[in-house]
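Engineer: Handing you this structure, nothing more for now.
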Amino acid sequence: MKHFDVILWDVDGTLLNFLEAEKAAIRSLFSEFGLGACTDEMLGRYSGINRKYWNRLERGEMSKAEILVGRFEEFFAAEGLDPSLSVRFNEAYQVRLGDTVVFCDHSKELVSSLVGKIRQYVVSMGLWWRRLRSFVIPGLIR
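Each residue of the sequence shown is one higher than the last, beginning at 164 in the numbering used here.
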């Protein structure tokens with residue numbers, strides 16, 4: 164049996180369910196900003212807009228700062244909401260998202276069970292990692 168000294172954990176979709184945390188943060192802020200209920204359908208439309216903006220970053224077409232506000236401007240305009248709220252909404256979203264933790268399956272228990280037995284580090288390369296691993300090591304990491 165092989166012995167490992169270190170585990171490198173990818174966060175998004177492995178330890179933490181970012182999409183559920185994102186939904187909770189947006190729904191909470193809709194209430195806080197007095198925008199009414201944010202439905203599953205609205206969140207689906209936001210997700211499509213958000214993905215389109217991050218793809219633009221990956222292609223070098225936009226900066227991260229443009230994406231963070233632009234995605235909410237487009238989403239609010241599409242939903243008939245005031246796009247001028249986008250800057251304040253994004254600022255609050257960045258904080259709220261950090262306060263919203265949703266673990267995947269039994270990841271919290273697994274990580275906790277390994278404390279003191281093996282060194283664990285969190286790494287995340289986001290879109291770049293997903294793109295790299297699909298070219299370099301297909302089938303090796305899922």
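Note that beta-carbon positions come from the ideal geometry of N, C-alpha and C, so glycine has one too. For clarity, every value in this text was computed on a predicted model and none was experimentally measured.
#1: Using the beta-carbon count (16 or more within 10 Å), is T263 buried or exposed?
#2: Nearest to V258 by alpha carbon, out of A188, Y216, I170, L273?
#3: Does I281 come out as helix, strand or coil in the three-state DSSP assignment?
#4: Could you spell out where the beta strand (DSSP E) holding L171 opens and where it closes?
#5: Rounded to whole angstroms, what is the Cα-Cα separation between F238 and K186?
#6: Report the residue from S249, K280, D245 whose alpha carbon sits nearest the alpha carbon of D168.
Structural biologist: Per the coordinate set shown:
#1: buried
#2: Nearest option by C-alpha distance: A188.
#3: coil
#4: 169-173
#5: 14 Å
#6: The closest CA to that of D168, considering only S249, K280, D245, is found on K280.
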